[in-house]
Amino acid sequence: MINQPRPSTRWWIVLVLAVALGGEARAQLFESYYMHEGNYPVGETPWSDDIQGLAHDDHNWFITTTHFIWKIPVTLDLATAGVLSPGVIRRSIGEYIQQIPGYNHFGDPDTYTYAGVDYLVVPIENGESTCSTGLPGAVMFVLCSDLSYVWHAAFPGQCNDAGWVAIDDLGFMMSSRQHVGNRISLPPCQGDGLRYYAFEWDALSTTGQGNFQFIQEVHPTDELGDCLEMVTMQGGEFSPGDGLLYLVSGFYDDEDGLEDREGIHVLDTSTYRRVQHSTRGFGHFDYYYDPGFPTYEEPEGLTIWNLDDGRAPGIFGQLHVFVSDNDIDIGDSGDVDFKHYTRAVRVDATSGASCQNGSQACPFHTLAAGVAFAWSGAEIRIRGGSYPDPISISQRVRLSAENGVARVGE
Numbered sequence: 000m001i002n003q004p005r006p007s008t009r010w011w012i013v014l015v016l017a018v019a020l021g022g023e024a025r026a027q028l029f030e031s032y033y034m035h036e037g038n039y040p041v042g043e044t045p046w047s048d049d050i051q052g053l054a055h056d057d058h059n060w061f062i063t064t065t066h067f068i069w070k071i072p073v074t075l076d077l078a079t080a081g082v083l084s085p086g087v088i089r090r091s092i093g094e095y096i097q098q099i100p101g102y103n104h105f106g107d108p109d110t111y112t113y114a115g116v117d118y119l120v121v122p123i124e125n126g127e128s129t130c131s132t133g134l135p136g137a138v139m140f141v142l143c144s145d146l147s148y149v150w151h152a153a154f155p156g157q158c159n160d161a162g163w164v165a166i167d168d169l170g171f172m173m174s175s176r177q178h179v180g181n182r183i184s185l186p187p188c189q190g191d192g193l194r195y196y197a198f199e200w201d202a203l204s205t206t207g208q209g210n211f212q213f214i215q216e217v218h219p220t221d222e223l224g225d226c227l228e229m230v231t232m233q234g235g236e237f238s239p240g241d242g243l244l245y246l247v248s249g250f251y252d253d254e255d256g257l258e259d260r261e262g263i264h265v266l267d268t269s270t271y272r273r274v275q276h277s278t279r280g281f282g283h284f285d286y287y288y289d290p291g292f293p294t295y296e297e298p299e300g301l302t303i304w305n306l307d308d309g310r311a312p313g314i315f316g317q318l319h320v321f322v323s324d325n326d327i328d329i330g331d332s333g334d335v336d337f338k339h340y341t342r343a344v345r346v347d348a349t350s351g352a353s354c355q356n357g358s359q360a361c362p363f364h365t366l367a368a369g370v371a372f373a374w375s376g377a378e379i380r381i382r383g384g385s386y387p388d389p390i391s392i393s394q395r396v397r398l399s400a401e402n403g404v405a406r407v408g409e
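Take 0 as the starting number for the sequence shown in numbering that gives the first Met the number 0 and just add one per residue.
Spelled out as structure tokens, the structure:
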């Protein structure tokens, strides 16, 4: 579910628009969640075996594994929340087997509200199917309230794959086959692309049924305009306002440098050109996973949810992405590395921290350092106080003050 961040009690001191409005600039409007905020939880949890994806409504996480759907209140500690915790609901794929016979795998879901009803939309597939035999990729609609089945419908023309679904503000859905694009081809790009669908939400609301209509297929490109290949698609979600599409790809046996080409991809939805790509083991947009023996780590689903209000124990930021640990340990129910990213670069002139990286724990001491570090679409949060040095800003950023008035240049 897309949650538009709401104004807080912070005093907004200035909004700098230093880049002319255009297609790419439109997609950079403070939706740029590119700074690694931290990992929590890390390790084994009651819900992390064969983790696949996640979504949210206003008050709950929805986590899918291969064979289960979990609903977990956001106020619970995800490190310990389990089936007996208050407010938790867990349903197995076997509970839906009469409605979705033959399907045996959940993917990365999304949520959407229509006519006052909150729906969880869960991709379903049969991993043994092929394009010539078996079941087409589909999604199952369940109620967010109790995870009860409503309906399921196949993506027309998408063969057997349905690993993820992203829903935009208007209710259109995007998904894809597992392998997107062909890196060695030149535009016009070849191979399977991202597929865009319209769905009959009104029919679902009034009759409990609905079908898809294929709209178009788009072929993403990288920052240079070359064809973008994503070998193993795992998850996706539109940012607030639909300006950006966040995708995650990768697999537990990636090798020969493929893991450096996978990770988190951020596309401008006006052009479907990539505007940001996560790094692996370095930089502020670090999304590290270690495929192959012995860890077999694998990227999984993601969601966008502004949790800077502190209601989620141990979790802050807006972009939240899973990495699963698929190593074979006796008694291991599945480890998870839950990574969180923010658009906020923090500055605090009174901080005594020896480190300075713009995080909550290690804010920059000067506003100039924060500005130099920030990217287009970042928010620089300045702790109340005096920052007398003049600054020059040449890109699109937002400045905000917290915990008092921030005086700049005086």
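All residues carry an ideal CB built from backbone N, CA and C; glycine is no exception.
Taking a 10 Å sphere around the C-beta of serine 147, we find fewer than 16 other C-beta atoms and assign the residue as exposed. A distance below 8 Å separates the beta carbons of alanine 400 and isoleucine 381.
Cβ contact annotation for leucine 246 (same chain, cutoff 6 Å, sequence separation greater than five): Gly235, His264, in chain order. Going by DSSP, phenylalanine 372 is part of no beta strand (DSSP E) but of the alpha helix (DSSP H) stretching over 366-372. The C-beta of threonine 74 has fewer than 16 other C-beta atoms within 10 Å across all chains shown, which makes the residue exposed.
Judged by DSSP secondary structure, leucine 257 falls within the alpha helix (DSSP H) whose first and last residues are 257-260. If you check the CB distance, threonine 231 and glycine 249 come in under 8 Å. The shortest CA-to-CA distance from phenylalanine 363 to any of Ser375, Trp374, Thr349 is the one to Thr349. Ranked by how close their Cα comes to the Cα of methionine 34, the residues Gly383, Ala367, His276 have His276 in first place.
Here leucine 203 is not near methionine 173, since their CB atoms are 8 Å or more apart. Per DSSP, alanine 54 is one residue of the beta strand (DSSP E) stretching across 50-55. The Cβ atoms of alanine 161 and phenylalanine 154 lie closer than 8 Å to each other. In the three-state reduction of the DSSP assignment, alanine 114 falls in the coil class, being assigned neither a helical nor a strand state.
Between the beta-carbon of arginine 406 and that of alanine 377 there is about 21 Å, and that puts the pair past the 8 Å contact cut. Per the DSSP secondary-structure output, tyrosine 196 pairs in a beta bridge with Met172, Phe213. Rounded to whole angstroms, arginine 90 and phenylalanine 67 show a C-alpha spacing of 6 Å. About 6 Å separates the beta carbons of threonine 63 and proline 108, which is inside the 8 Å limit, making them a contact pair. For leucine 77, the closest C-alpha among the options Asp241, Gly190, Gly224, Pro45 is that of Pro45. The way I'd put it, the segment 37-44 doesn't touch the segment 291-301; fewer than three beta-carbon pairs between them come closer than 8 Å. Ranked by Cα distance from aspartate 259, the options Glu297, Ser238, Leu318, Leu301 are led by Glu297.
Separation of the CB atoms of histidine 58 and proline 72 is rounded to 6 Å, and the pair is thereby assigned contact status at 8 Å. Under DSSP, isoleucine 123 shares a beta bridge with Phe105, Ala137. The continuous beta strand (DSSP E) containing phenylalanine 61 extends over residues 59-64.
With at least 16 other beta carbons inside 10 angstroms of its own, glutamate 36 counts as buried. Taking a C-beta distance under 8 Å as the contact criterion, glycine 316 and tyrosine 32 qualify as a contact pair. Glycine 384 sits in a strand when the DSSP states are folded into three classes. Residues Ser238, Pro239, Gly240, Gly242, Leu243, Arg342, Gly376 of the same chain have their beta carbon placed closer than 8 Å to that of glutamate 30, with the five preceding and five following residues left out of the count. Here tyrosine 39 carries a strand assignment [DSSP, helix/strand/coil]. Residue pairing for isoleucine 71: DSSP places it in a beta bridge opposite Trp60. Distance between serine 144 and threonine 79, taken at the CA atoms: about 22 Å. Within the segment 215-270, the complete beta strand (DSSP E) segments at least 3 residues long are 232-237, 243-248, 262-267, listed from N- to C-terminus. Rounded to whole angstroms, the Cβ separation of phenylalanine 337 and asparagine 38 is 6 Å, and the two are in contact under 8 Å. Contact between glycine 156 and tyrosine 111 does not hold, since their C-beta atoms are separated by about 22 Å, which reaches or exceeds 8 Å. Here isoleucine 92 carries a helix assignment [DSSP, helix/strand/coil].
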